[in-house]
Amino acid sequence: MRPARIIIDTDPGQDDAVAILLALASPEEVEVLGITAVAGNVPLALTARNARMVCELAGKTDVPVLAGCDAPLSRPLVTAEHVHGKTGLDGIELPAPQMPLAEGHAVDFIVETLRREPAGSITLVTIGPLTNIATAFRQAPDIIPRVARIVMMGGAYFEVGNITPAAEFNIYVDPEAAAEVFAAGVPLVVMPLDVTHKALTTRPRVEAFRALGTRVGTAVAAWTDFFERFDKEKYGSEGAPLHDPCTIAWLIRPELFTGREINVEIETEGSFTLGMTVADWWRVSGRAPNALFIGDVDAEGFFALLTERLARL
Ligand code: RIB
Ligand code: CA
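Next up, the structure:
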């Protein structure tokens, strides 16, 4: 089977970094055409820097990395240094990137790639706020029907919110962008907290990363050691949810995941529910399904795949 040809839209963040590494380690299933940075976990200058550092860590400096939107469509930026640290990749010191940013704006790269490549041949993998994607759709509505699908990390239903009682971070940062993307009619595969909170970095799993004895294994173990302190304290869980790599793992081995085709709407006006993904899991609204909303994962299989692929780098 031909690899999925993807653009990764990201706000690195340690879990974004692991997702990017998994993608770059899996050329049989995933061809990364480009990485577009967006403001989210940390400001854009850092997410654009971090994305390049991850590519260099993987030894894949031929992948174009572009900087995108530095703020949500119509709200001030909310960041998450309390989770990811000041740099967004706290946990290990990595060298400053040598590879330059690719010329141009990330939104233009998304538009131009979708216009150039055959319709239905490009998948967008979004693992940060949806500002770049919504901006591209506003700028060039003609590309919307050309997108094969969007595989995104975002939202929550049974798990409720992680940045507010009702909202997950990626959606909360730019709810207007998320509402436009969910309404665009592009096939969506959504990895909400409901599934990512089942992909937890237990001690044995982190030690398996470290036992790889490589720069990548050491970095991923150090990132998860840092990243997990927040979730362990907040949820009393055994480890941290590896949110973003679930998107890439779905492209490689979709059978690891189960979910439902349901309607998902985004709250953009609620005083207390802003950014909530109103997921009609029980199909009571009569609204047309617009997303494959993933609810479960074979966690052992996920971590076995992740560890095996990271060992390749
Ligand atoms: O809520 C989790 C999401 O927010 C992940 O993508 C994480 O990297 C942060 O961006
Ligand atoms: Ca992210």
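For the sequence shown, my numbering assigns the number 62 to the initial residue and increments by one for each residue that follows. Ideal Cβ placement from N, Cα and C applies to all residues, glycine included. Fair warning: this is a prediction, and the values are worked out from it, not measured in the lab.
Using the Cβ count rule (16 or more neighbours within 10 Å means buried), how would you classify residue 308? buried
Would you say the beta carbon of residue 304 is closer than 8 Å to some non-hydrogen atom of ligand 2? yes
Report whether the distance from the Cβ of residue 188 to the nearest heavy atom of ligand 2 is below 8 Å. yes
Quick one: what does DSSP say residue 348 is sitting in, helix, strand or coil? coil
For residue 252, which beta-bridge partners are listed by DSSP? 214
Can you give the Cα-Cα distance for residue 111 and residue 101, rounded to whole angstroms? 12 Å
What is the DSSP secondary structure of residue 326, reduced to helix, strand or coil? strand
Beta-carbon within less than 6 Å of residue 227's beta-carbon, same chain only, minus the 5 sequence neighbours each way: which residues are those? 334 and 337
Candidates 367, 165, 184 and 312: closest to residue 260 by CA position: 367
N- and C-terminal bounds of the beta strand (DSSP E) containing residue 127: 126 to 128
Taking Cβ to Cβ, would you say residue 183 is nearer than 9 Å to residue 70? no
State the Cα-Cα distance for the pair residue 80 and residue 73, rounded to the nearest angstrom. 10 Å
Please state the DSSP three-state secondary structure of residue 174. helix
Less than 8 Å between the CB atoms is what I'm expecting for residue 326 and residue 339, so what's the real figure, rounded? 5 Å
So does the segment 257 to 271 actually touch the segment 299 to 317, counting three or more Cβ pairs closer than 8 Å? yes
Inter-stretch contact at 8 Å, needing at least 3 Cβ pairs: the segment 204 to 219 / the segment 183 to 193: yes
Excluding the five sequence neighbours on either side, which residues of its own chain have a C-beta within less than 8 Å of the C-beta of residue 163, listed in chain order? 95, 125, 126, 127 and 170
Where residue 188 sits in the DSSP three-state scheme: coil
Exposed or buried, what is residue 345 when buried is set at 16 or more other beta-carbons lying within 10 Å of its beta-carbon? exposed
Minimum C-alpha distance to residue 137 - residue among 255, 316 and 192: 192
List in chain order: all unbroken beta strand (DSSP E) runs of 3+ residues lying wholly within the segment 67 to 151. 91 to 98 and 126 to 128
Would you kindly check if the distance between the Cβ of residue 331 and the Cβ of residue 353 is under 9 Å? no
Starting from residue 65, follow its DSSP beta bridges and name the residues at the other end. 91
is_contact[residue 80, chain B] using C-beta, thresh 9 Å: Protein chain content of the structure displayed is limited to a single chain, and chain B is not contained in it.
Assess contact between the segment 152 to 160 and the segment 105 to 122, defined as three or more Cβ pairs (one per stretch) separated by less than 8 Å. Is contact present? yes
With which residues is residue 321 paired in a DSSP beta bridge? 354
Residue from 93, 123, 194 and 145 with nearest C-alpha to residue 133: 194
Can we count residue 71 as close to ligand 2, meaning its CB is less than 8 Å from some heavy atom? yes
Given residue 179, which residues of its chain have a CB within under 7 Å of its CB, disregarding the five upstream and five downstream residues? none
Inter-residue CB distance, residue 310 and residue 363 (contact presumed, cutoff 8 Å): 5 Å
Looking at the strands, I want to know which residues DSSP matches up with residue 261. 302
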